[in-house]
Each structure stands twice: as C-alpha cells, then as structure tokens.
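Beneath this line is the structure, given in structure tokens, with notes to follow.
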Amino acid sequence: MNFFLTIILDGLIEASWLFIVALGLTLVFGVLKILNIAHGSFYALGAYLAATAVTFVAARGLPPALGFVVMLVSVAIIAALIGLVLERGLLKMFYGRDEVVLLLVTYAVFLMLEDITKLIWGVNPIYANQPYELFGNVEFAGLFYVGYDLALIPMSIAIGLAVWFGLNRTVTGKIVSAVIHNAEMSASMGVRINRVYAIAFAVGVLLAALAGALTAPKISVQPGLSSEVIILSFAIVVIGGLGSVEGAAVGAILVGMARAASVHLLPQAELFMIYLIMAAVLMFKPEGLFRRETARRI
Amino acid sequence: MTRSTYLFSLVCLIIAAVLFGRVIPAWTLSLATVAASNALIALGIVVLSRTGNVSFGQGLFFAAGGYGVALLAHSWGITDAVLQVVIGAVCGGVLGLIIGPLIARYTGIFFGMLTLALSMVLYGALVKTTVLGGSDGFNVGRPTLFGTAFTDPRDADFMLYAVSVVATGLAGIAATVFFRSQLGLMSLAVRENNLRVEYLGTSANRIVTINFVIAAIFAGASGALSLMAQRHIDPQFAYWTTSGEFVFIAILAGSQSVAAVFVASLALELVRSFSNLYLPNTWQLVLGLFLLAVILFLPRGIGSLWTSAKRKPNEPPPSPVIVEKGSAT
Chain A
1 MNFFLTIILD GLIEASWLFI VALGLTLVFG VLKILNIAHG SFYALGAYLA ATAVTFVAAR
61 GLPPALGFVV MLVSVAIIAA LIGLVLERGL LKMFYGRDEV VLLLVTYAVF LMLEDITKLI
121 WGVNPIYANQ PYELFGNVEF AGLFYVGYDL ALIPMSIAIG LAVWFGLNRT VTGKIVSAVI
181 HNAEMSASMG VRINRVYAIA FAVGVLLAAL AGALTAPKIS VQPGLSSEVI ILSFAIVVIG
241 GLGSVEGAAV GAILVGMARA ASVHLLPQAE LFMIYLIMAA VLMFKPEGLF RRETARRI
Chain B
1 MTRSTYLFSL VCLIIAAVLF GRVIPAWTLS LATVAASNAL IALGIVVLSR TGNVSFGQGL
61 FFAAGGYGVA LLAHSWGITD AVLQVVIGAV CGGVLGLIIG PLIARYTGIF FGMLTLALSM
121 VLYGALVKTT VLGGSDGFNV GRPTLFGTAF TDPRDADFML YAVSVVATGL AGIAATVFFR
181 SQLGLMSLAV RENNLRVEYL GTSANRIVTI NFVIAAIFAG ASGALSLMAQ RHIDPQFAYW
241 TTSGEFVFIA ILAGSQSVAA VFVASLALEL VRSFSNLYLP NTWQLVLGLF LLAVILFLPR
301 GIGSLWTSAK RKPNEPPPSP VIVEKGSAT
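Chains as they are written, first to last, in our numbering: chain A, 1 to 298; chain B, 1 to 329.
In structure tokens form, the structure reads like this:
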C-alpha cells in the first residue's frame with residue numbers, strides 16, 4: 001500500500017513542475033501556433049538564473065526564505081523581458097511562413113541559447129539548494145518527504161488555476177481565446193493581435209523559467225537540462241492535445257506517474273515508457289486526449 | 001542533353017569526386033567523408049519533404065542502420081564496407097516498411113512529433129540495454145573492402161571516403177531519377193493538397209509511405225557509413241538533436257536540387273570545423289545564427305541560388321491558408 005502511495009506522491013511531485021513547463025508550451029502553441037523547441041532552454045535559463053539569485057542572497061548571509069522570493073521575482077521579470085524581446089525582435093519576422101519553418105526558427109534559438117548559457121555559467125554543475133530546506137521534512141502516512149517537494153504540488157495547482165482563471169474569467173483572457181480560435185477574425189474585429197502574441201509568448205517563457213527556478217533547488221543545474229525537459233514537455237502536450245490547458249494537466253500527471261512508476265518498478269524503462277505512451281496516444285488519437293477534432297478547408 | 005548522357009555525366013562526376021580524394025589533404029578527407037554520409041541522410045529528408053512532411057526522427061533509422069551493422073560485424077564478422085552499407089540500408093528500409101504505413105496518415109507537426117517520439121523510444125531503450133553497452137555504446141573494428149584489410153590509416157581513410165562518396169552519389173542519381181518519375185511528381189501533388197490527390201484517384205498515404213521508406217533506406221545506409229567513420233556506436237545516434245542536425249542540412253539545401261544537399265552538407269561540416277578551430281564552445285551559436293540567416297534570406301535553400309532563375313515561372317502558387325476551426329484552449 002505504502003509502495004503505491006510513494007509512486008503516486010512521487011508522480012504528483014514530478015507532474016507539478018512538468019505541468020508548469022507544459023502549460024507554457026501549450027499556451028504558446030495555442031496562440032502563436034508555434035511548437036517552441038527553445039522552450040526547454042527557457043526552463044534551463046530559469047534554473048540558471050535562480051541558482052545565481054540564490055547564491056547571491058546566500059553569500060550575503062540573508063535568510064533562504066528571502067532567497068526563494070528574490071529567485072522567483074527576478075526570474076519572472078527577466079524571463080518575461082526575454083520573451084518580449086525574442087517575439088518582437090525575431091519570431092515576428094517569420095509569421096505567415098510554414099509551421100515547420102517556425103519550428104526550425106525555434107530550433108535555431110535552442111541551439112544559440114544552449115551555447116549562451118554555457119558561455120555565461122560554464123559547463124560545471126551549479127547547486128542552489130539553500131531553499132530546499134525551507135519547508136523542513138514532512139511525515140506523510142509513514143513516509144518522509146522533503147517539504148519543498150510537497151510544496152511544489154499546491155504551487156503548481158495555484159499557477160494552473162491562475163492561468164485558467166486568466167484565460168476564462170477575464171476580458172484579456174477572452175481576447176486571447178478569440179485569437180486562439182481565429183486570429184484573422186479577431187484582427188478584423190479590432191484586436192491588436194501583435195500585442196496578444198507578444199504577451200502570450202512572454203507568459204510562455206515566464207512559465208518555463210518559473211518551473212526551472214522552482215526545480216533548481218532540487219537538482220544540479222548543468223548543460224543538457226534543456227534538451228531533456230523539452231522532450232518531456234513535448235510528450236505531455238502531445239498526449240494532452242496541443243493548445244489545451246486541461247490536456248497539459250492530464251498529460252503532466254500521466255507522464256509524472258509513468259516516470260515515478262518506472263523509477264520504482266522498472267528503472268530500465270523510464271524514457272521508453274513515456275515515449276511509448278506518447279506514440280500510442282498519437283496512433284489512436286492524433287489530436288491528443290483533449291483537443292477537439294478540427295475541420296479543414298480543402 | 002538526353003537522359004542517358006545526363007546520367008553518364010553524373011556517374012563521371014562521382015568518379016571524379018572519388019579521384020579528387022587522392023589529392024586533397026588528410027584533414028579534408030575525413031571532413032568530406034562525414035559530409036557525404038550526412039548528405040545521404042539529409043537527401044532522404046529532402047525526398048520525404050517533397051510530400052510536405054518533415055521527419056524529426058531520422059535518427060531512428062540512422063541508429064537502426066548503425067546498430068544493425070555493428071551487431072552483424074561482431075556476431076558474424078561481416079566487415080566488408082560495401083556489404084555494411086547494404087546491411088545498413090536494409091535495416092533502415094525494413095524498419096521504414098514497418099513504421100511507414102502507420103505514420104503516413106499524419107501531416108505537418110504531428111508527423112514530425114511522431115517520428116521524433118519513435119526515435120526517442122529507441123534512444124530510451126538503447127540507453128538502458130546493457131548488452132549493447134548502454135549509454136556508452138561499443139566499438140567496432142576497421143572495415144575491409146572486397147577482402148582487403150587496410151592497415152595504413154591514410155589508405156583506410158581514402159577507402160571510407162570512396163565508399164561514402166559512391167554510396168551517396170548513387171543515391172543522388174537515384175533521387176534525381178525518382179524526382180522526375182511519375183511517383184516523384186505525384187509526391188509534389190501530395191504536398192500541395194493530399195485530399196485532392198485522393199479525389200483524383202490515387203492513394204496519398206501510399207505515396208508518402210514510399211517516400212518514407214526511401215528516406216529510411218538512405219538513413220540506414222548513412223548510419224552504416226557513420227559507424228565506419230567513427231568505429232564506435234552509442235545511443236546518441238537516435239537522439240533528437242542528431243536528427244535535428246540532419247533536418248538542418250535538408251533545410252539549408254532546400255528541395256530544389258539534389259546537388260544542393262551535398263553543398264549544404266559540406267558547408268555545414270566546414271562551418272563546424274572552422275568554428276571548432278576559432279570559436280571553440282560556441283559552435284551551436286554559430287550554427288543557430290547560420291540557420292536563422294538561411295531561413296530569413298534564402299527561404300528556399302541554397303539550391304535556389306542556381307535553380308531559381310530557370311524554374312521561377314513554374315513555381316507553384318503559395319498554398320492557401322488553412323484556417324483551423326475549433327482548436328480548443
């Protein structure tokens with residue numbers, strides 16, 4: 001019994017940060033119709049920035065709680081700025097081209113960011129584990145967990161709810177939904193779709209970087225993070241359906257559980273399992289679990 | 001120029017390229033070998049892209065070819081270079097025949113994602129397979145040619161170069177012939193509109209499948225060539241960034257001409273070795289900028305530099321914007 005509880009809890013912890021990354025990816029795809037390969041790089045960038053912020057605060061002998069807050073705020077601001085600059089300065093030039101071309105543009109950004117992070121932070125692993133002890137250890141049904149890990153679950157639920165609320169219950173969100181539905185029509189109704197694109201992309205980058213910052217204390221921050229994370233988040237959004245928030249949540253839980261289960265039961269099959277699920281979903285329901293069938297003009 | 005003289009001149013070109021390998025310095029020889037081998041797999045992507053689909057998982061067949069050859073070299077002692085290329089092509093082709101019909105139903109991003117997923121399934125499986133060396137892979141001996149073992153590294157390098165150039169060159173000729181065939185022209189029709197092709201009475205899926213299998217055969221053979229050049233294989237062959245690099249070459253080349261694929265592959269290898277030399281650790285940065293510049297300034301690839309002038313009148317009109325209805329949040 002305890003064994004299954006471990007798998008479920010571990011799975012939820014994995015799912016919580018994966019969901020935040022996938023949420024950004026799915027939002028960017030929904031609005032801009034770009035499958036952003038560089039998304040994993042923004043995650044890595046967030047993790048690196050967080051590590052810098054945490055060490056900066058810790059070096060001055062300030063409490064780790066402050067480090068945690070400084071880390072989140074600084075990452076959010078920098079990531080949103082980077083998102084705005086990239087969308088306005090680069091992606092804008094390629095709108096209207098084939099979706100595969102846009103995919104390649106983000107691939108180019110991925111390649112460049114990979115080296116830029118190496119140039120700034122070097123190739124050795126960086127640790128930022130001061131905030132990790134922030135929430136102490138928690139005993140849960142006879143199992144001991146690091147409080148920080150468990151705290152990730154409500155944090156990601158809060159972020160998910162905020163995005164859902166923003167999209168469905170605010171005027172701005174309604175406008176974004178309109179652009180997702182039909183960009184041309186929205187433009188002719190007076191929506192400034194350029195602004196919507198820029199904001200959506202910035203929010204997407206912010207979410208990826210935030211997930212990176214939140215996981216930075218748990219892991220060693222090193223090169224190669226980005227290509228690993230992008231592959232996981234691709235699997236999640238494809239399972240859930242590209243452009244769907246609910247789909248991202250379900251996909252993240254599925255992938256998180258699959259990872260946790262294979263780590264405990266069959267460690268050889270970890271990556272294999274996730275891609276098998278993704279391939280199976282694509283085979284039987286290529287639109288993903290949560291995406292409505294689309295009509296196509298001939 | 002009649003068809004036979006055209007083909008004959010292409011064969012002469014291959015022979016000339018092989019002989020040219022005797023005069024160029026040693027470091028360019030290995031560079032050209034890698035370029036030829038990469039051009040072969042990128043050529044497959046170009047063939048497939050004529051149906052409008054881009055595969056982000058050619059690493060699957062690349063690795064299948066490489067591992068197939070490596071395993072047979074170990075268990076049965078097959079070391080002949082030509083035989084190894086054929087084995088690689090067969091491994092890739094058989095896998096392509098299995099996957100092709102399943103995957104042909106998909107288009108656009110879903111096609112790319114599914115191929116990527118399948119190659120990552122193989123990667124995930126290979127990393128954990130300790131019998132095959134796990135993530136470290138294993139080494140393979142130097143190949144022979146028609147029973148001759150090459151002990152002098154210079155001769156061995158030249159042999160590899162010759163095999164790679166001949167294999168890629170023959171594939172290039174085959175692709176040229178294929179592009180002008182009925183099936184090759186129908187592939188372009190599938191890219192323009194697969195539903196209309198179906199209405200006109202032929203199966204778009206079958207056309208995509210055939211192109212997919214050709215791409216898989218080329219990828220498998222390229223995997224064999226890469227294995228011979230590195231004499232080592234590891235799961236990185238199937239990783240998505242490896243496939244991404246091949247897509248890069250295909251995009252750089254554009255789908256205008258077969259020759260462009262070779263030029264693009266060689267250009268990429270030159271950029272790689274020069275940035276390794278002068279800008280170590282920033283080679284991906286250079287690559288990214290290079291890719292952006294090509295997409296921005298040469299949207300139809302470097303092939304358009306010399307084919308655009310004569311082909312422009314026949315250029316297909318831009319495909320109509322497909323408005324997706326009801327895509328959910």
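Think of the CB as a built atom: it goes at the ideal place given N, C-alpha and C, for glycine as much as any other residue.
Cβ neighbour criterion (16 or more within 10 Å) applied to residue i
i                 : result
Glu-245 (chain B) : buried
Tyr-239 (chain B) : buried
Ala-36 (chain B)  : buried
Ala-213 (chain A) : buried
Val-28 (chain A)  : buried
Asn-38 (chain B)  : buried
Ile-109 (chain B) : buried
Phe-144 (chain A) : exposed
Ile-15 (chain B)  : exposed
Gly-141 (chain B) : exposed
Phe-3 (chain A)   : exposed
Ile-251 (chain B) : buried
Thr-215 (chain A) : buried
Asp-152 (chain B) : exposed
Pro-25 (chain B)  : exposed
Thr-172 (chain A) : exposed
Gly-326 (chain B) : Bear in mind that the predicted position of Gly-326 (chain B) carries a pLDDT of just 41, short of 50, making it unreliable; the figure below should be weighed with that in mind. Exposed, by the Cβ-count rule.
Pro-154 (chain A) : exposed
Asn-36 (chain A)  : buried
Val-196 (chain A) : buried
Phe-56 (chain B)  : buried
Met-273 (chain A) : buried
Met-93 (chain A)  : exposed
Tyr-199 (chain B) : exposed
8 Å contact criterion, which residue i and residue j should meet: CB distance rounded
i                 : j                 : result
Leu-206 (chain A) : Gly-83 (chain A)  : 6 Å
Asn-194 (chain B) : Val-47 (chain B)  : Not quite, the Cβ-Cβ distance comes to about 17 Å (not below 8 Å), so this is no contact.
Leu-270 (chain B) : Phe-158 (chain B) : The Cβ separation is near 20 Å, so there is no contact.
Gly-119 (chain A) : Thr-168 (chain B) : Before going further, note that residue 119 (chain A) is Leu rather than Gly in the sequence given. That belief does not hold up - the Cβ atoms of Leu-119 (chain A) and Thr-168 (chain B) are roughly 35 Å apart, past 8 Å.
Gly-204 (chain A) : Leu-25 (chain A)  : 7 Å
Glu-87 (chain A)  : Ala-198 (chain A) : 5 Å
Ala-89 (chain B)  : Ala-221 (chain B) : 4 Å
Ala-260 (chain A) : Ile-7 (chain A)   : 5 Å
Val-127 (chain B) : Pro-235 (chain B) : 5 Å
Ala-333 (chain B) : Ser-265 (chain B) : Nothing in the structure corresponds to residue 333 (chain B), since chain B is present only between 1 and 329.
Phe-110 (chain A) : Ser-188 (chain A) : Contact flag wrong, Cβ pair sits at about 34 Å.
Gly-44 (chain B)  : Phe-218 (chain B) : 3 Å
Val-69 (chain A)  : Val-163 (chain A) : That belief does not hold up - the Cβ atoms of Val-69 (chain A) and Val-163 (chain A) are roughly 21 Å apart, past 8 Å.
Ala-80 (chain A)  : Ala-202 (chain A) : 5 Å
Leu-268 (chain B) : Phe-248 (chain B) : 7 Å
Distance cut-off 8 Å: residue i Cβ against heavy atoms of the ligand PLP
i                 : result
Ala-209 (chain A) : The ligand PLP is absent from the structure shown, which contains no ligand whatsoever.
Strand pairing of residue i, partner residues [DSSP]
i                 : result
Asp-80 (chain B)  : B:Thr-144
Phe-138 (chain B) : B:Ile-233
Tyr-145 (chain A) : A:Val-138
Val-221 (chain A) : A:Ile-126
Can you give me, in chain order, the residues of the segment 211 to 244 of chain A that have a beta carbon less than 8 Å from any beta carbon in chain B? Ser-227, Ile-231, Phe-234, Ala-235, Val-238, Gly-241, Leu-242, Gly-243, Ser-244
The segment 100 to 111 of chain B: which residues have C-beta closer than 8 Å to a C-beta of chain A, in chain order? Leu-102, Arg-105, Tyr-106, Gly-108, Ile-109, Phe-110
Just by C-beta distance, which residues in the segment 27 to 55 of chain A are closer than 7 Å to chain B? Gly-30, Leu-35
Can you list, in chain order, the residues of the segment 97 to 108 of chain A whose Cβ is nearer than 8 Å to any Cβ on chain B? Arg-97, Glu-99, Val-100, Val-101, Leu-103, Leu-104, Val-105, Tyr-107, Ala-108
Quick check: the segment 15 to 29 of chain A against the segment 64 to 77 of chain A, are at least 3 beta-carbon pairs closer than 8 Å? no
May I ask you to verify whether the segment 123 to 135 of chain A touches the segment 266 to 280 of chain B, counting CB pairs closer than 8 Å and requiring at least 3? no
Give, in chain order, every residue of the segment 112 to 123 of chain B whose Cβ lies closer than 8 Å to some Cβ of chain E. Of the protein chains in this structure, namely A and B, none is chain E.
Residues of the segment 242 to 262 of chain B with a CB closer than 9 Å to any CB of chain A: list them in chain order, please. Gly-244, Val-247, Phe-248, Ile-251
For the pair the segment 108 to 117 of chain A and the segment 216 to 226 of chain A, tell me if three or more CB-CB distances fall below 8 Å. yes
Selection of the segment 188 to 206 of chain B by Cβ proximity to chain A, strictly under 9 Å: Asn-193, Leu-195, Arg-196, Tyr-199
Indicate whether the contact test is met: 3 or more Cβ pairs, each with one atom in the segment 44 to 62 of chain B and one in the segment 90 to 98 of chain B, closer than 8 Å. yes
Taking contact to mean 3 or more Cβ pairs, one atom from each stretch, closer than 8 Å, check whether the segment 49 to 58 of chain B and the segment 184 to 204 of chain B are in contact. yes
To be precise: take each residue of the segment 109 to 128 of chain A, compare its Cβ to all Cβ atoms of chain B, and keep it if any distance is under 9 Å. Which residues remain? Val-109, Phe-110, Leu-111, Met-112, Leu-113, Glu-114, Asp-115, Ile-116, Lys-118, Leu-119, Val-123
Decide yes or no for the touch test of the segment 29 to 36 of chain A against the segment 176 to 190 of chain A: beta carbon pairs closer than 8 Å, at least 3 of them. yes
Examine the Cβ distances between the segment 225 to 241 of chain A and the segment 54 to 73 of chain A and report whether three or more of them are shorter than 8 Å. no
Does the segment 67 to 80 of chain B come close enough to the segment 294 to 303 of chain B to have 3 or more Cβ pairs within less than 8 Å? no
Return the residues of the segment 276 to 288 of chain B that lie within a Cβ-Cβ distance of less than 7 Å from chain A, sorted by chain order. Asn-281, Thr-282, Gln-284, Leu-285, Leu-287, Gly-288
Just by C-beta distance, which residues in the segment 44 to 58 of chain B are closer than 7 Å to chain A? Val-54
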